[in-house]
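Colleague: Would you mind keeping the following structure in view while I ask a few things?
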Amino acid sequence: MEYTELADYQVPTGAITAWEATADPDSWCADSRRLSYMHLEHARRAAELGDEWHGHWIGTAFTIEERFDRDAFAATIRQWFARHEALRSAVQLGGTPEDDLVRMTIEPEAVGVSGLSMGVAASPDAARQRIQDFFDTTVNPLTWPHCVVVTLEPDDRDDRFLVVFGADHTVMDAYTQVFAINELSALYRAEINDEHHGLAEYGSYLDFSDAERHLGEQIDANNSAVVAWRQFFNESPTSVQPHAMPRFPRCVTGGLDAVVPPREPDSGMQVSLSQDLLDSAQAARFNDICKAAGGSVTTGIYTAMSIASAALAGTGEVRFVSPVHTRTGPEWGEAVGWFVGLVPVHLDPSDAQTFSQALPRVAESVSRYKNVGTAPFAPIADLIGGDVTPPGFVVSYIDLRRAQGAAEWDRRNARVLRSATREVDEVYLWINRIPDGINISTRYPSGERRREVEAFLSVFAEVLRTIVDAGDHDYMFAREMTSQASADITA
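As structure tokens, this is what we get:
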């Protein structure tokens, strides 16, 4: 399972159909439950940009290994929307309780589904372009439905078909993207076989969002999360990451190999790259090494990043922000929604000289802020003040091996997707452990800092492989590798 742009996904040729949920305008009712902080900020930004809002979505692609039946698939989408209130929610400009936005909802029985033929794509590029254009121009936080679906019936097979959906982030997070593979497949199989789907029921993201707003109102300047974030902003900046909200560290690049993305981005867009880091056997070996050193795969990944930073930036200290899920109760388990909080991370290996020495120290430094993520960041940022958003360096690590159906992802060509991102000074690393091993997906600037990120990714991958092969890895600092380090780091 990789996290890439649609342009990097293998799409077959065949007949394409676009599917959208429908509802009678009179079926919508105002809902007093407030938007989550991130939903509110996202929708307001879309309202501010107006017609300039284009091509902001996330989604998933996967194969359903059954014959395609239009009526059954329409019923599948209808059931999906009925099961999750987040998909039956919209925002309307004006009104209360947000003064500028009000939530609207519909009942499950009000949902209809329409299917519109998009013709037959004679080439994979044509198929990708039609799907991307549909998502880019349709998905919007101010326009319902916030999730649309495409099916593609391959020319050469009648026992399977491709499903691709695109959604606005306000109704979906990475876990939702993954959970939907099993859920939609189960719903479809139940329809064509006239049986019960056997899926569990979960709570509503709308209830979670309103509860989050109530929680945010209780946060004051003495709250432990506010204190922790303020400490992070005030105490942890370094010479290569001097900003309160961390950006990617300044790195040396001279004489070093760098990864090469499979394609160049379109003009004005960020670079997108996905690569395997370790296979399943190597990942298991890495896990054993980390445990023996008193850590976990997560802290082992972080320590490898620290070693890469030392080699390229001259310091093993690394600062970034990490998204964490906020599905803190069983009722939110596989609910559709944007259940995400933020955690500050400061990797500090102290004076360690090797991976095995550094890992427990890095683990200790990471634990300092580990309980911060359940507190919504927006009210914390308001209390702290200053330029603390948005994050410029984000790292996510998720272990997806136990997700329902994970063993089938490779065979079913499953992929979580994101739209292309306009050029901005942000670096995102998504590191995933799946049954096949550990991979990394990234997006980063295409301008002057591109070479730094690509060198970092190359060294990071080499560090992991060396740890697996040798059981350890020494810290080597940039000043030991090149005489230009000081000038590059302070540039």
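Each residue of the sequence shown is one higher than the one before, starting from -5 at the first, in the numbering used here.
We treat Cβ as the ideally placed atom computed from N, Cα and C, and that holds for glycine.
1) Can you tell which of Ser21, Trp47, Leu34 and Glu189 has the C-alpha that lies nearest to the C-alpha of serine 413?
2) Based on the DSSP secondary-structure assignment, which residues constitute the bridge partners of valine 418?
3) Tell me whether the beta-carbon of tryptophan 332 lies closer than 9 Å to the beta-carbon of methionine 98.
4) For the alpha helix (DSSP H) that aspartate 119 lies in, which residues bound it at each end?
5) Taking asparagine 187 as part of the alpha helix (DSSP H), name the residues at either end of that continuous run.
6) If you draw a straight line from the alpha carbon of valine 221 to that of valine 234, how long is it in whole angstroms?
7) Can you check which of these residues, Thr297, Cys245 and Asp251, is closest to glycine 308 by C-alpha distance?
8) Return the chain-ordered list of same chain residues with a C-beta closer than 8 Å to the C-beta of glutamine 4, the five sequence neighbours on each side being excluded.
9) Rounded to the nearest angstrom, what separates valine 157 and leucine 146 at their Cα positions?
10) Tell me whether threonine 322 is buried or exposed, calling it buried when 16 or more other Cβ atoms sit within 10 Å of its Cβ.
11) Measure the alpha-carbon distance for glutamate 420 versus aspartate 270 and round it to whole angstroms.
12) Taking 9 Å as the cut-off, decide whether the C-beta atoms of leucine 95 and histidine 140 are in contact.
13) Measure from the alpha carbon of proline 324 to the alpha carbon of each residue in Tyr196, Arg151, Ala55 and Glu60, then state which is nearest.
14) Keeping to the same chain, check which residues put their C-beta closer than 7 Å to that of threonine 292; ignore five residues upstream and five downstream.
15) Taking glycine 106 as the reference, which of Pro19, His33 and Phe173 has the closest Cα?
16) Grab me the residues of histidine 467's own chain with a C-beta within less than 7 Å of its C-beta, minus the 5 sequence neighbours each way, in chain order.
17) How would you label histidine 208, buried or exposed, when you count the other beta carbons within 10 angstroms and need 16 or more for buried?
18) Quick one: which unbroken beta strand (DSSP E) runs of 3-plus residues sit fully inside the stretch 293 to 320? Chain order, please.
19) Can you give me the C-alpha to C-alpha distance between serine 266 and asparagine 134, rounded to a whole angstrom?
20) Start and end of the beta strand (DSSP E) containing valine 114?
21) Using 8 Å as the cut-off, can you tell me whether the stretch 379 to 394 makes contact with the stretch 352 to 360, which would need three or more C-beta pairs spanning the two stretches below that distance?
22) Are the Cβ atoms of alanine 219 and tryptophan 51 separated by less than 9 Å?
23) Pick out the complete alpha helix (DSSP H) segments inside the stretch 31 to 105, 4 residues or longer, and give them in chain order.
24) Whole-angstrom Cβ separation of leucine 411 and threonine 54, contact assumed at under 8 Å?
25) Alpha carbons only, please: which of Arg444, Gly44 and Ala37 is nearest the one belonging to methionine 263?
26) Report back the beta-carbon spacing between isoleucine 175 and proline 373 to the nearest angstrom; my notes put them in contact at under 8 Å.
27) Tell me the rounded alpha-carbon separation between isoleucine 483 and methionine 299.
28) Below 6 Å CB to CB, which residues in the same chain sit around glutamine 123 once its five sequence neighbours on both sides are set aside?
29) Using the rule of at least 16 other Cβ atoms within 10 Å of the residue's Cβ for burial, across every protein chain shown, is alanine 485 buried or exposed?
30) Evaluate aspartate 430 with the Cβ neighbour count: other Cβ atoms within 10 Å of its Cβ, from every protein chain shown; 16 or more gives buried, anything less gives exposed.
31) For tyrosine 438, does the three-state DSSP call read helix, strand or coil?
32) Give the straight-line distance between the Cα atoms of threonine -2 and serine 268, rounded to the nearest whole angstrom.
33) For the alpha helix (DSSP H) containing glutamate 429, list its first residue and its last residue.
Modeller: From the atom records:
1) Mapped onto the sequence shown, residue 413 falls at position 419. From the listed residues Ser21, Trp47, Leu34 and Glu189, the smallest Cα separation to serine 413 is found for Trp47.
2) The residue you call residue 418 lines up with position 424 of the sequence shown. For valine 418, DSSP records no beta bridge to any residue.
3) Against the sequence shown, residue 332 aligns to sequence position 338. Against the sequence shown, residue 98 aligns to sequence position 104. For tryptophan 332 and methionine 98, no; Cβs fall outside 9 Å.
4) In the sequence shown, residue 119 corresponds to position 125, counting from 1. That run of the alpha helix (DSSP H) goes 118 to 132.
5) The sequence position of residue 187 within the sequence shown is 193, counting from 1. Start and end: 168 to 187.
6) Numbered from its first residue, the sequence shown carries residue 221 at position 227. Numbered from its first residue, the sequence shown carries residue 234 at position 240. So the alpha carbons of these two residues sit roughly 24 Å apart.
7) Looking up residue 308 in the sequence shown gives position 314. For glycine 308, the nearest C-alpha among the options comes from Cys245.
8) Here the question's residue 4 lines up with position 10 in the sequence shown. Excluding positions up to five away in sequence, the list reads Pro118 and Asn407.
9) As a first step, residue 157 must be located in the sequence shown, where it is residue number 163. As a first step, residue 146 must be located in the sequence shown, where it is residue number 152. The alpha-carbon atoms of valine 157 and leucine 146 are separated by roughly 7 Å.
10) Along the sequence shown, read from residue 1 onward, the residue named residue 322 stands at position 328. Label assigned to threonine 322: exposed.
11) Within the sequence shown, residue 420 is the residue found at index 426, counting from 1. Within the sequence shown, residue 270 is the residue found at index 276, counting from 1. The straight-line gap from Cα to Cα measures roughly 22 Å.
12) As a position in the sequence shown, residue 95 is number 101, starting the count at 1. As a position in the sequence shown, residue 140 is number 146, starting the count at 1. No. Outside cutoff.
13) Residue numbering aside, residue 324 sits at position 330 when the sequence shown is read from its first letter. Selected option, being the one with the closest Cα: Tyr196.
14) Within the sequence shown, the letter at position 298 stands for residue 292. Answer for threonine 292: Tyr391, listed in chain order.
15) Start at 1 with the first residue of the sequence shown, and residue 106 comes out as number 112. Checking every option, the nearest Cα to that of glycine 106 belongs to Pro19.
16) Working through the sequence shown from its first residue, we reach residue 467 at position 473. Closer than 7 Å at Cβ, skipping near neighbours: Ile301, Thr348, Phe349, Val457, Thr460 and Ile461.
17) Position 214 of the sequence shown holds residue 208. Under this definition histidine 208 is an exposed residue.
18) 312 to 319
19) Start at 1 with the first residue of the sequence shown, and residue 266 comes out as number 272. Start at 1 with the first residue of the sequence shown, and residue 134 comes out as number 140. Whole-angstrom Cα-Cα distance: 22 Å.
20) Along the sequence shown, read from residue 1 onward, the residue named residue 114 stands at position 120. Valine 114: member of the beta strand (DSSP E) spanning 106 to 115, first to last residue.
21) no
22) Taking the first residue of the sequence shown as position 1, residue 219 is located at position 225. Taking the first residue of the sequence shown as position 1, residue 51 is located at position 57. In this structure, tryptophan 51 does not lie closer than 9 Å to alanine 219 by Cβ.
23) Entirely contained in the stretch 31 to 105, the alpha helix (DSSP H) runs reaching 4 residues are, in chain order, 31 to 43 and 64 to 77.
24) For the purposes of this step, residue 411 is taken as residue 417 along the sequence shown, with counting starting at 1. For the purposes of this step, residue 54 is taken as residue 60 along the sequence shown, with counting starting at 1. Contact flag correct, Cβ pair sits at about 6 Å.
25) If you number the sequence shown from 1, residue 263 lands on position 269. Comparing Cα-Cα distances from methionine 263 to each of Arg444, Gly44 and Ala37, the minimum goes to Arg444.
26) The sequence position of residue 175 within the sequence shown is 181, counting from 1. The sequence position of residue 373 within the sequence shown is 379, counting from 1. Not quite, the Cβ-Cβ distance comes to about 34 Å (not below 8 Å), so this is no contact.
27) Counted from its first residue, the sequence shown places residue 483 at position 489. Counted from its first residue, the sequence shown places residue 299 at position 305. Here isoleucine 483 scores only 32 on pLDDT, less than 50, and its place in the model should not be relied on; the value that follows carries that caveat. Rounded to whole angstroms, isoleucine 483 to methionine 299 spans 17 Å at the Cα level.
28) Here residue 123 corresponds to residue number 129 of the sequence shown, with the count starting at 1. The answer is none, since no qualifying residue turns up.
29) Here residue 485 corresponds to residue number 491 of the sequence shown, with the count starting at 1. Any reading at alanine 485 needs caution, since the residue's pLDDT is 33, under 50, leaving its predicted position unreliable; the model's value is listed next. Under a 10 Å Cβ-count criterion, alanine 485 is classified as exposed, with fewer than 16 other Cβ atoms of the shown protein chains found around its own Cβ.
30) In the sequence shown, the residue the question calls residue 430 occupies position 436. Label assigned to aspartate 430: buried.
31) Taking the sequence shown and counting its residues from 1, the one referred to as residue 438 is at position 444. Of the three classes helix, strand and coil, the one that applies to tyrosine 438 here is strand, per DSSP.
32) In the sequence shown, residue -2 corresponds to position 4, counting from 1. In the sequence shown, residue 268 corresponds to position 274, counting from 1. Those two C-alpha atoms are separated by around 7 Å.
33) Numbered from 1 along the sequence shown, position 435 holds the residue referred to as residue 429. Note that residue 429 is proline in the sequence shown, not glutamate. Following the DSSP letters along the chain, one finds proline 429 in no alpha helix (DSSP H), marked with neither H nor E.
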